[in-house]
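> Chains as they are written, first to last, in this note's numbering: chain A, 1 to 334; chain B, 1 to 334.
Protein chains: 2
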Amino acid sequence: MTIYDVSEKAGVSIATVSRVLNGSDNVSAQTRQRVLAVIEACDYTPNAFARGLGLNTMNTVGILCADSTDLYVANAVYNIERELHENNYNCLLCCTGYNVEDKQKYLNLLVNKKVDSVILLGSNFISDNDDENEYIRKAAGEIPVLLLNADYDYENVYCSICDDFKSTLQATNYILDTGVEDILYLYNSKSYSALRKLSGYQSALTQRGIPLRAEYMQYFPGSHSNLPAVADFLMEIDRAVEYHAVVAGDDNLAIGAMKFALKKGMSIPEDLSIIGYNNSILSTCCEPELTTVDNRLEVLCHHIVKTLVGILDNKEMPQKVIFSGELIKRGTTL
Amino acid sequence: MTIYDVSEKAGVSIATVSRVLNGSDNVSAQTRQRVLAVIEACDYTPNAFARGLGLNTMNTVGILCADSTDLYVANAVYNIERELHENNYNCLLCCTGYNVEDKQKYLNLLVNKKVDSVILLGSNFISDNDDENEYIRKAAGEIPVLLLNADYDYENVYCSICDDFKSTLQATNYILDTGVEDILYLYNSKSYSALRKLSGYQSALTQRGIPLRAEYMQYFPGSHSNLPAVADFLMEIDRAVEYHAVVAGDDNLAIGAMKFALKKGMSIPEDLSIIGYNNSILSTCCEPELTTVDNRLEVLCHHIVKTLVGILDNKEMPQKVIFSGELIKRGTTL
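What follows is the structure, given as structure tokens:
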């Protein structure tokens with residue numbers, strides 16, 4: 001006899017059974033009575049119930065992120081965590097780092113801890129090499145897996161996505177519309193999301209018949225809290241490429257490009273236009289303030305919690321939802 | 001019969017019993033044998049054991065923070081979380097917001113979830129009104145409570161502190177040494193740490209016989225990811241106070257002061273010197289880069305995990321450790 005049986009017999013979700021057992025106010029009197037009647041009829045005690053589930057703690061969601069100091073991730077953790085608490089869920093957060101082995105280890109750990117569901121923050125949890133996604137498929141066999149801004153088609157996997165392709169296409173077009181065609185694209189990751197952005201840049205050029213040149217797509221791996229290092233990188237490639245605009249995969253890289261322009265004595269946006277990505281706090285920190293893409297993180301987080309609560313309430317929820325980003329125009333573009 | 005009895009009979013810590021039961025490699029063969037012998041002698045099964053404890057999950061540490069998007073807090077979460085995992089502890093993170101009632105609620109929740117210990121990030125968890133600290137005293141009656149950068153004398157409460165008084169005193173002296181005496185102090189919190197910083201500013205002036213003037217100590221409450229709002233606040237008080245330096249309680253406020261200087265057409269540092277606090281990513285984001293105080297967050301986090309692991313291994317650990325901050329000199333000071 002498990003909580004699942006009680007849930008089924010009472011015709012309510014597992015979360016609701018748990019709320020009744022925990023004495024939460026968030027259950028109607030009628031539902032409470034129905035659940036308690038089933039529990040009584042089965043001679044079911046919370047202790048036995050907890051033992052059956054392997055864990056006394058209920059309503060717990062695991063959250064995995066690579067690095068909580070990444071501004072995008074920090075905001076995601078905050079938004080998701082607060083909203084889950086409002087829905088009477090607790091969170092087990094794990095910062096995994098970027099190694100696939102560590103991600104596997106932590107995801108297994110959370111599944112073994114019998115969390116109700118798991119949320120993976122950021123597209124770096126999905127690999128191009130599908131063998132490396134086996135740990136996700138395995139987890140989805142046990143509990144719902146929710147992905148923030150990653151795309152993966154599999155049963156019991158739910159994706160909330162910002163259309164990074166379209167956003168970067170629009171950002172690049174915005175610069176092309178000013179007559180500037182030599183645009184450097186700067187990126188620091190080869191995650192699904194990062195490659196979609198790159199692809200958006202490429203499409204914008206191709207649609208106008210501008211040839212793609214490898215030296216205009218510069219990859220500088222890392223998460224780059226070290227902003228001067230980004231400027232140094234641009235100084236190094238300075239002789240090889242001439243450009244009058246930078247579209248960057250995140251705000252940190254864009255700020256690094258601003259530091260590079262300063263070193264070179266270039267005016268922003270007259271000599272160099274710059275567009276970042278994420279609309280992070282960094283984008284209002286610099287002068288001029290940074291034109292950037294708002295990738296709707298709060299909307300995505302809200303949707304992911306809504307989906308999770310729905311699934312655990314046995315509701316039918318969409319497996320993939322795609323939102324559109326928005327270009328926030330500030331001082332670094334003409 | 002509880003895990004505490006097994007721990008006592010075997011002469012090892014609760015954490016060690018838990019490691020043995022979880023099959024962790026991190027226990028010597030000798031200790032493992034001793035624990036298993038006690039468990040066998042008592043006809044003790046993990047299920048009964050888990051029931052006795054009220055929870056099957058072991059080696060879990062609760063972390064409370066007000067707001068994980070605060071850069072200081074985000075870095076603390078990351079450092080502590082990674083290091084706890086290296087020591088085979090899992091983390092339950094709760095973002096409480098700033099209300100005392102919510103902090104109480106979440107701390108009670110974690111204690112009820114039978115975490116082994118709890119870490120409170122930031123001095124805003126301790127109130128000047130000691131009645132409001134009752135929830136901390138109550139938790140400390142059950143499990144060790146560790147405070148990051150907060151000072152509270154109580155049994156089973158452990159504090160890792162950066163000497164914010166001394167750091168701000170030094171920062172203020174650094175400006176006074178350049179001959180500038182009209183220094184605005186800007187702060188956004190009245191937490192223990194925030195008031196210690198203010199006090200450091202006041203002492204620096206008093207030690208040189210410079211009178212303290214209320215209008216030179218400006219309080220602009222909030223966490224201020226909205227940097228332009230800080231600049232607007234300074235524009236508002238502009239007619240009332242004339243100053244040639246700003247010492248700020250965090251980097252966000254200092255960047256706001258830089259935006260104010262730009263609006264006013266003042267040169268930094270010639271017309272206005274500025275010092276921030278935290279050495280966050282924002283401090284290298286702006287131009288010129290920000291002189292700021294490195295408050296040794298990584299060192300504090302390392303110490304807090306070391307203390308926690310020690311306590312749970314039944315070692316004698318110091319209840320209070322104080323580290324010194326360091327002034328990082330960059331472009332916003334003469």
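For every residue, glycine included, the Cβ atom is placed at its ideal position computed from N, Cα and C.
The structure presented is a predicted model; accordingly, all values stated were derived computationally and were not measured.
#1: Listed from N- to C-terminal order along the chain, which residues in the segment 62–84 of chain B have their beta-carbon within a distance smaller than 7 Å of any beta-carbon of chain A?
#2: Please confirm if residue 184 of chain A has its CB atom under 8 Å from at least one CB of chain B.
#3: In three-state terms, what does DSSP make of residue 163 of chain B?
#4: Below 8 Å on the Cβ atoms is my guess for residue 92 of chain B versus residue 90 of chain A; work out the distance and round it to an integer in Å.
#5: Look up residue 273 of chain A in the DSSP assignment and give the residues it is bridged to.
#6: My output table needs one value for residue 83 of chain B: the three-state DSSP class, helix, strand or coil.
#7: Within this structure, are the beta carbons of residue 289 of chain A and residue 283 of chain A separated by less than 8 Å?
#8: Listing by chain order, which chain E residues have their CB less than 7 Å from the CB of residue 284 of chain B?
#9: Check whether the segment 2–14 of chain B and the segment 263–275 of chain A touch, using three or more Cβ-Cβ pairs below 8 Å as the test.
#10: Can you check DSSP and say which residues form a bridge with residue 292 of chain A?
#11: Do you know offhand how far residue 301 of chain A's Cα is from residue 123 of chain A's?
#12: Do we get a CB-CB distance below 8 Å when we pair residue 210 of chain A with the residues of chain B?
#13: So what does DSSP say about residue 200 of chain B, is it helix, strand or coil?
#14: Rounded to the nearest angstrom, what separates residue 200 of chain A and residue 181 of chain A at their Cα positions?
#15: On the premise that residue 202 of chain A lies in contact with residue 212 of chain A, defined as a C-beta separation below 8 Å, what is that separation, rounded to the nearest angstrom?
#16: Quick check: what's the CA-CA separation for residue 18 of chain B versus residue 135 of chain A?
#17: Under DSSP, the alpha helix (DSSP H) around residue 217 of chain B begins and ends at which residues?
#18: Among A/308, A/31, A/206, A/219, which residue has its Cα nearest to the Cα of residue 10 of chain A?
#19: At the 8 Å Cβ level, is residue 281 of chain A part of the contact set with chain B, yes or no?
#20: Any idea what DSSP makes of residue 265 of chain B, helix, strand or coil?
#21: If distances are taken between C-alpha atoms only, which option among B/257, B/130, B/242 comes closest to residue 248 of chain B?
#22: Can you tell me the Cα-Cα spacing of residue 171 of chain B and residue 266 of chain B, whole angstroms?
#23: Would you tell me roughly how many angstroms separate the C-alpha atoms of residue 292 of chain A and residue 235 of chain A, rounded to the nearest one?
#24: Tell whether a beta-carbon distance below 8 Å holds between residue 287 of chain A and residue 287 of chain B.
#25: Determine the chain A residues that contact residue 272 of chain B at a beta-carbon separation under 9 Å, and present them in chain order.
#26: Can you give the Cα-Cα distance for residue 142 of chain A and residue 326 of chain A, rounded to whole angstroms?
#27: So, are the CB atoms of residue 161 of chain B and residue 322 of chain B less than 8 Å apart?
#28: Quick one: is residue 296 of chain A buried, meaning 16 or more other Cβ sit within 10 Å of its Cβ, or exposed?
The structure says:
#1: Cβ contacts with chain A: 67, 68, 69, 74, 75, 77, 78, 81, 82.
#2: No, its Cβ sits nowhere closer than 8 Å to a Cβ of chain B.
#3: The answer is coil: DSSP assigns residue 163 of chain B none of H, G, I, E or B.
#4: Residue 92 of chain B to residue 90 of chain A, Cβ: 7 Å. Contact.
#5: The secondary-structure analysis by DSSP pairs residue 273 of chain A across a beta bridge with A/245.
#6: Residue state, collapsed to three classes: helix.
#7: Taking 8 Å as the Cβ cut-off, residue 289 of chain A and residue 283 of chain A qualify as a contacting pair.
#8: In the structure shown, chain E cannot be found, because the protein chains are A and B.
#9: Touching, no, given that fewer than three Cβ pairs across the two stretches are closer than 8 Å.
#10: Answer is A/276, A/328.
#11: In a straight line, the C-alpha of residue 301 of chain A is about 14 Å away from that of residue 123 of chain A.
#12: Not flagged as an interface residue toward chain B: residue 210 of chain A, since no C-beta distance is shorter than 8 Å.
#13: Residue 200 of chain B sits in a helix when the DSSP states are folded into three classes.
#14: Their backbone Cα atoms lie some 15 Å apart in a straight line.
#15: Indeed, because the Cβ distance is near 6 Å, the residues count as touching under 8 Å.
#16: Rounded to whole angstroms, residue 18 of chain B to residue 135 of chain A spans 26 Å at the Cα level.
#17: Looking at the DSSP string, residue 217 of chain B is not in any alpha helix (DSSP H); the run it does join, the beta strand (DSSP E), is 217–219.
#18: Closest option to residue 10 of chain A, judged by alpha-carbon separation, among A/308, A/31, A/206, A/219: A/31.
#19: Chain B places a beta carbon closer than 8 Å to that of residue 281 of chain A, counting this residue as a contact.
#20: Three-state DSSP puts residue 265 of chain B in coil, outside helix and strand.
#21: The shortest Cα separation from residue 248 of chain B among B/257, B/130, B/242 belongs to B/257.
#22: A straight line joining the alpha-carbon of residue 171 of chain B with that of residue 266 of chain B spans about 21 Å.
#23: One C-alpha to the other measures close to 23 Å.
#24: Taking a C-beta distance under 8 Å as the contact criterion, residue 287 of chain A and residue 287 of chain B qualify as a contact pair.
#25: Around residue 272 of chain B, no beta-carbon contact reaches into chain A at under 9 Å, the shortest distance being about 14 Å.
#26: A straight-line Cα-Cα distance of about 36 Å links residue 142 of chain A and residue 326 of chain A.
#27: Yes, the Cβ-Cβ distance between residue 161 of chain B and residue 322 of chain B is below 8 Å.
#28: The residue in question, residue 296 of chain A, is buried, as its Cβ has 16 or more Cβ neighbours within 10 Å.
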